[in-house]
Ligand SMILES: [Zn+2]
């Protein structure tokens, strides 16, 4: 079981959290984008091996969304940071 | 308001460990508590000052802490959300005072008295009993009166609040629709403590 550090509540058990998928996915402008851009926005994710920027929700706690950088190889969390901020460590591409 | 009174499944009942002469642990519903959910921005001084004037104490801004004033407890739930608890017969007056004082503020005030019920878990083995259902560290070294936490207990979302320093005692706020389930779960878990 993972221990995840909520930016507000501190370290809590994984069972209190909900995973929210890859972070930093920007919605394209529907007026100017094409089908390919929408397809990438909706369905395409990076699936990296290594440090992955992702969203988590402290679902059973303060219910806030936040971002985290987690190593997809060994599940180790390298950083948590607020929504709207850039990853504080370099993530895999 | 009748929904905010005792839960029909265990009204008046007390769960207790069965070993005679052991302090053990007991569980009973604490009814008659009014609950108000209050939302606002902590950096809005107008909101914070008006709320403090009604509640008799500043809303806590440190995560997972409680501010006390007379018969009112204000629990931090999230950066923009608090749970105000008071006597049930004071709830309507307090809610109206908050609505009046915060009329010009960006806020939300909701009566949740019928939403939660409170189970009081008291006795030497209280923390041990809780630890069977929650991943939260409830040891008094890290979870003491003045703190509160929202967490999970046997898959049910709860709010936990240590109450007394000298005796191991916790208030567990549980959604009314989960209360019967949690009560049975506690009953079962207590059988293994003796
Ligand atoms: Zn949290």
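Residue numbers (the working numbering), protein chains in the order written: chain A, 989 to 1081; chain B, 46 to 239.
For each residue, glycine too, the CB sits at the ideal point set by N, CA and C.
Computed from a predicted model, the values in this text were never measured in an experiment.
Check                                                                                                       : Outcome
DSSP beta-bridge partners of residue 129/B                                                                  : 81/B, 119/B
Residues near residue 1043/A by beta carbon distance below 7 Å, same chain, minus five either side          : 1008, 1009, 1011, 1053, 1055
Same chain, Cβ closer than 8 Å to residue 101/B, five either side skipped, listed in chain order            : 114, 115, 117
Test item: CB-CB of residue 72/B and residue 231/B under 7 Å                                                : yes
CB of residue 172/B within 7 Å of CB of residue 213/B, strictly                                             : yes
Nearest neighbour of residue 156/B, chosen from 133/B, 150/B, 165/B [CA to CA]                              : 133/B
Backbone CA spacing between residue 220/B and residue 1020/A [nearest angstrom]                             : 47 Å
Interface residues of the segment 186-213 of chain B facing chain A [CB-CB below 8 Å]                       : 194, 195, 196, 197, 202
Minimum Cβ-Cβ distance from residue 46/B to chain A less than 7 Å                                           : The predicted position of residue 46/B is uncertain, since its pLDDT is 44 and thus under 50; a value taken from the coordinates is nonetheless stated next. Output row for residue 46/B: interface = no.
Residue 1044/A at chain B interface by Cβ criterion, 7 Å                                                    : no
Neighbourhood of residue 209/B by C-beta, 7 Å cutoff - its chain only, sequence neighbours within 5 removed : 190
Residue 1049/A: CB within 6 Å of a non-hydrogen atom of ligand 3                                            : Looking for ligand 3 in the displayed structure turns up nothing; the ligands present are ligand 1.
Cβ of residue 1070/A within 7 Å of any chain B Cβ                                                           : no
Alpha-carbon to alpha-carbon, residue 222/B and residue 203/B                                               : 12 Å
Residue burial classification, residue 166/B (beta-carbon count within 10 angstroms, cutoff 16)             : buried
Local conformation of residue 1061/A per DSSP, three classes                                                : coil
CB contact flag (residue 180/B, residue 1001/A, <7 Å)                                                       : yes
8 Å contact criterion, which residue 135/B and residue 158/B should meet: CB distance rounded               : So it is not a contact: roughly 11 Å between Cβ atoms.
Proximal residues, the segment 1016-1048 of chain A versus chain B, C-beta separation under 7 Å             : 1048
Beta-bridge pairing of residue 205/B - partner residues as DSSP gives them                                  : 194/B, 217/B
Closer than 9 Å at the beta carbon, the chain A residues around residue 176/B                               : Within 9 Å Cβ-Cβ: nothing; residue 176/B doesn't reach chain A, min ~12 Å.
Assigned secondary structure, residue 177/B (DSSP; H/G/I helix, E/B strand, else coil)                      : coil
Separation of residue 111/B from residue 192/B, as counted between CA atoms                                 : 6 Å
Local Cβ density within 10 Å of residue 92/B, reported as buried at 16 or more and exposed below that       : buried
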